[in-house]
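Asker:
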Amino acid sequence: MLLKAYSERLKAKFKMNIRNIAIIAHVDHGKTTLVDKILHSTNIFRDNQETGELIMDNNDLERERGITIFSKNVSVTYKGVKINVIDTPGHSDFGGEVERVLKMADGVLLLVDAFEGPMPQTRFVLQKALQLGLHPIVVINKVDKANCRPDEVHDAVFELFFNLDATEEQLDFPTIYGSSKNGWMNTSLTETDNILPLLDAILEHVPEPKVNEGTTQMQITSLDYSSFLGRIAVGKVARGTVREGQQIALVQADGGIKKMKVKELYTFEALGKKKATEVSAGDICAIVGLDEFNIGDTICDVEFPEALPVISVDEPTMSMMFSINNSPFFGREGKFVTSRHLRDRLMKETEKNLALRVEDSDSADSFLVYGRGILHLGILIETMRREGFELTVGNPQVLVKEIDGKKCEPYENLVVDVPAEFSGKVIDLVTQRKGEMLIMESKGEMQHLEFDIPSRGLIGLRSNMLTNTAGEAVMAHRFTDYRPWKGNIPGRSNGVLLSKNTERTTGYSIDKLQDRGRFFVDPGDEVYVGQIIAEHIKPGDLNVNATEPKKLTNHRASGSDDASKAAPKIMMTLEECMEYIQQDECIEVTPKSIRMRKVILDENERSRVSKQMKSEPA
Ligand SMILES: Nc1nc2c(ncn2[C@@H]2O[C@H](COP(=O)(O)OP(=O)(O)OP(=O)(O)O)[C@@H](O)[C@H]2O)c(=O)[nH]1
Ligand SMILES: [Mg+2]
2 MLLKAYSERL KAKFKMNIRN IAIIAHVDHG KTTLVDKILH STNIFRDNQE TGELIMDNND
62 LERERGITIF SKNVSVTYKG VKINVIDTPG HSDFGGEVER VLKMADGVLL LVDAFEGPMP
122 QTRFVLQKAL QLGLHPIVVI NKVDKANCRP DEVHDAVFEL FFNLDATEEQ LDFPTIYGSS
182 KNGWMNTSLT ETDNILPLLD AILEHVPEPK VNEGTTQMQI TSLDYSSFLG RIAVGKVARG
242 TVREGQQIAL VQADGGIKKM KVKELYTFEA LGKKKATEVS AGDICAIVGL DEFNIGDTIC
302 DVEFPEALPV ISVDEPTMSM MFSINNSPFF GREGKFVTSR HLRDRLMKET EKNLALRVED
362 SDSADSFLVY GRGILHLGIL IETMRREGFE LTVGNPQVLV KEIDGKKCEP YENLVVDVPA
422 EFSGKVIDLV TQRKGEMLIM ESKGEMQHLE FDIPSRGLIG LRSNMLTNTA GEAVMAHRFT
482 DYRPWKGNIP GRSNGVLLSK NTERTTGYSI DKLQDRGRFF VDPGDEVYVG QIIAEHIKPG
542 DLNVNATEPK KLTNHRASGS DDASKAAPKI MMTLEECMEY IQQDECIEVT PKSIRMRKVI
602 LDENERSRVS KQMKSEPA
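In the working numbering, the protein residues as written are 2 to 619.
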């Protein structure tokens, strides 16, 4: 009896020794680097263990791009307290994810780059945290950077809190300064050799999770995926406990209730998960074995199914047509090429990729895929090609909505930081695309510009912006709302050079065409009729012969002849191609190649259709 009371007391005591924090910030402000440092400084690694850089960004694409795509839970123990840390993605395409995982947090670290200051995504994530009643700890990071302005940035953050209607208590935020890269944090700008002042601030300022007594209640706020275990539900236990083997009622958004069983239960420990038999209110856990669930569903006691308020999952803002590859090179480079493969893969993706929607189209070979932006869709395509898929994707379209009988389109807040000498060019460029300037101020040696712009105007803007500012512009944008359609926005200004033949290009031909355009292919590359092989230096498309061998006297192999004279080809990433192509163009994606092409490859057919389109009333 006594023992039981003692163990209850112990449990109650243990229950309280938890802090749940999410780390939020604009893209690249240093969240993941900080989480890595937190893991290191709480000694989860043996001294001799080789960990490498950013253990947290563990997906291949995350490592290559240096960005976080999926939010992740880890947990460390400091001074006897378990701190659950949630690393979140900073790119705006994944903003909805941040909003959801904040539901697991009782506190947030708002990281702000000591040079850049608050950026569009800082505003968005802070707003969400404030609305949830969280009291952020502000971390002014990267104070090691030359030209950084931590004091100005602190003031700007305060102003941002104020503009977002923070309460008195929220405005009274603690501030930590430091450099996650160099592994130190402090309450002042004085450099230290560890990040412990930050961990102390977490223990001091982040409230313990609320422990509600009663029957089981846990909202699923995040989703993990394992190819062995399938979908794993992640969330914070809000009330009572969740037990291994427990029969539960899953209450869905529409009020429907399904009975299920908790097959396996885990808590987060260090970088991994630890099996648990019971998890109490306040801790974050992962549940295996629920067959069908959605984000926002509540896991409840079978007898007392009481749901928590529904979480909205963000609406897509962009769509793209995904089709089977129908280029002449079909099936050469990929393993999965049929419409069946494509459809199954896309449908499977919707199980774990929450902001993604897939619809069948009029054609059995094409599917409409809806997502949150170029990066969101680009990452899916990149993942698929790595798995061995071949496909064709069309140009990205923003989603138009009818609101109060008016045609409306998504708008975004665009921020550009650029050396003053280029600001005129930037303003021109954005205004041409129907952007309107809101703010222009100096920020260190840079000019800081803010605009309101339809999302359509942003597609293809980045490469133009970089060319026009000698690569110096730093831009970021974030969806704000839907507003009335802004009219025609000019597309790409240059035309393209299209191959007239299906053959290998020759250095001889490419060299002759150098003054017509900048090539996307190298001498010796195989191309096909209707493939986009270069950007025309002028508007209008041109069909060219780039496969002509040098005249008979030449005995060298085609492909190597005169190759040295040709300028190197322009390399474009998948996302750059997605922003580059126009309505009548598409991209062939295979495990080995990314080729841009016309939708209609045949020259005569293309001009016939385009004439027909022009003659039809719009
Ligand atoms: N100079 C400096 N660079 C830093 C610091 N912290 C992070 N960085 C660098 O900033 C870049 C982005 O760091 P990440 O930790 O990946 O940033 P993130 O906020 O996780 O980025 P997303 O997950 O994509 O939103 C990396 O190149 C880091 O090395 C710092 O304190 N000082
Ligand atoms: Mg990150």
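Glycine is no exception: its CB is placed at the ideal position from the N, C-alpha and C atoms. Model, not experiment: these values are computed from the prediction.
In whole angstroms, what separates the C-alpha of T548 from that of R517?
Answerer: When rounded, the distance between both Cα atoms is 15 Å.
Asker: Going by the DSSP bridge assignment, what does G256 pair with across the sheet?
Answerer: According to DSSP, G256 bridges with nothing at all.
Asker: Which residues neighbour ligand 2 when neighbourhood means a C-beta less than 5 Å away from any of its non-hydrogen atoms? List them by chain order.
Answerer: Those residues, listed in chain order, are K32, T33 and T69.
Asker: Can you find the residues in the same chain that come closer than 8 Å, C-beta to C-beta, to H342, ignoring five residues on each side of it along the sequence?
Answerer: Result list for H342: F390, in chain order.
Asker: Quick check on DSSP: helix, strand or coil for S313?
Answerer: Reduced to three states, the DSSP call for S313 is coil.
Asker: Beta-carbon within less than 8 Å of K38's beta-carbon, same chain only, minus the 5 sequence neighbours each way: which residues are those?
Answerer: Result list for K38: S181, G184 and I196, in chain order.
Asker: Relative to ligand 1, is the shortest distance from any of its heavy atoms to the C-beta of A26 smaller than 7 Å?
Answerer: Yes, Cβ of A26 sits closer than 7 Å to a heavy atom of ligand 1.
Asker: Quick one, are the C-beta atoms of N85 and I233 less than 8 Å apart?
Answerer: No, Cβ-Cβ distance for N85 and I233 is not below 8 Å.
Asker: Does the pairing of the segment 95–106 with the segment 197–204 give three or more beta-carbon distances under 8 Å?
Answerer: Contact between the segment 95–106 and the segment 197–204 is absent, because fewer than three Cβ pairs lie under 8 Å.
Asker: Give a single yes or no on whether N183 has its beta carbon closer than 7 Å to a heavy atom of ligand 1.
Answerer: At least one heavy atom of ligand 1 is nearer than 7 Å to the Cβ of N183, so yes.
Asker: What would DSSP say about K143, mapped onto helix, strand or coil?
Answerer: Of the three classes helix, strand and coil, the one that applies to K143 here is coil, per DSSP.
Asker: Find out if the Cβ-Cβ distance for the pair A324, D366 is shorter than 8 Å.
Answerer: Sequence check: residue 324 is Ser here, not Ala. In this structure, D366 lies closer than 8 Å to S324 by Cβ.
Asker: Could you round the C-beta distance between F330 and Y529 to whole angstroms and report it? I think they count as a contact, below 8 Å.
Answerer: The pair is a contact, with the Cβ atoms about 6 Å apart (cut-off 8 Å).
Asker: Taking C-beta to C-beta, are E437 and D418 nearer than 8 Å?
Answerer: No; because the gap between Cβ atoms is not below 8 Å, this pair is not in contact.
Asker: How about A26 and L112: do their beta carbons lie closer than 8 Å?
Answerer: Going by C-beta atoms, A26 is nearer than 8 Å to L112.
Asker: Can you give me the start and stop residues for the beta strand (DSSP E) that I382 sits inside?
Answerer: Taken as a continuous stretch (DSSP letters only), I382 belongs to no beta strand (DSSP E), being part of the alpha helix (DSSP H) at I375 to R387.
Asker: Going along the chain, which unbroken runs of the alpha helix (DSSP H) with 4 or more residues stay wholly within the segment 132–183?
Answerer: Within the segment 132–183, the complete alpha helix (DSSP H) runs of at least 4 residues are 151–164 and 169–172.
Asker: Helix or strand or just coil, what does DSSP make of L224?
Answerer: Reduced to three states, the DSSP call for L224 is strand.
Asker: Are N396 and H478 close, meaning C-beta to C-beta below 8 Å?
Answerer: No, Cβ-Cβ distance for N396 and H478 is not below 8 Å.
Asker: Which of the three DSSP states, helix, strand or coil, is assigned to L602?
Answerer: Three-state result, L602: coil.
Asker: Apart from the five residues just before and just after A474, which ones in its own chain have a Cβ nearer than 8 Å to its Cβ?
Answerer: Within the same chain, A474 has close Cβ partners V417, D418, V419, F423, V427, M466 and L467.
Asker: Taking the beta strand (DSSP E) that K408 falls in, what are its first and last residues?
Answerer: Where K408 is concerned, the enclosing beta strand (DSSP E) stretches over K407 to P420.
Asker: Between which two residues does the alpha helix (DSSP H) carrying N187 extend?
Answerer: It is not in any alpha helix (DSSP H) - N187 instead sits in the beta strand (DSSP E) that spans W185 to N187.
Asker: Leaving out five residues before and five after Q220 in sequence, what residues of the same chain have Cβ atoms less than 6 Å from its Cβ?
Answerer: Cβ neighbours of Q220 beyond the five flanking positions: G236, T299 and L309.
Asker: Under a three-way DSSP split, which group does A308 fall into?
Answerer: Coil at A308, not helix or strand.
Asker: Can you give the beta carbon distance from S464 to E577, rounded, assuming they're within the 8 Å contact cut?
Answerer: About 6 Å separates the two Cβ atoms, so the contact holds.
Asker: Would you report the Cα separation of C301 and M322, rounded to the nearest angstrom?
Answerer: Computed Cα separation, rounded: 40 Å.
Asker: So for T468, helix, strand or coil by DSSP?
Answerer: Three-state result, T468: helix.
Asker: Measuring only the C-alpha atoms, how far is M57 from F125?
Answerer: Using only the alpha carbons, I get a separation of about 23 Å.
Asker: By a C-beta neighbour count over all protein chains shown, 10 Å radius and 16 as the cutoff for buried, is K260 buried or exposed?
Answerer: The residue in question, K260, is exposed, as its Cβ has fewer than 16 Cβ neighbours within 10 Å.
Asker: Ends of the beta strand (DSSP E) at H92?
Answerer: Unbroken run through H92: none, as it is neither H nor E.
Asker: Looking only at its own chain, which residues have a Cβ that is under 7 Å from the Cβ of P491, when we skip the five neighbours before and after it?
Answerer: Answer for P491: Q433, listed in chain order.
Asker: Distance, Cα to Cα, G541 vs G374?
Answerer: If you take the alpha carbons of G541 and G374, they lie about 28 Å apart.
Asker: Hey, would you say L161 sits closer than 8 Å to V140, going by beta carbons?
Answerer: For L161 and V140, no; Cβs fall outside 8 Å.
Asker: Kindly indicate which three-state DSSP category R463 falls into: helix, strand or coil?
Answerer: Here R463 sits in helix by DSSP.
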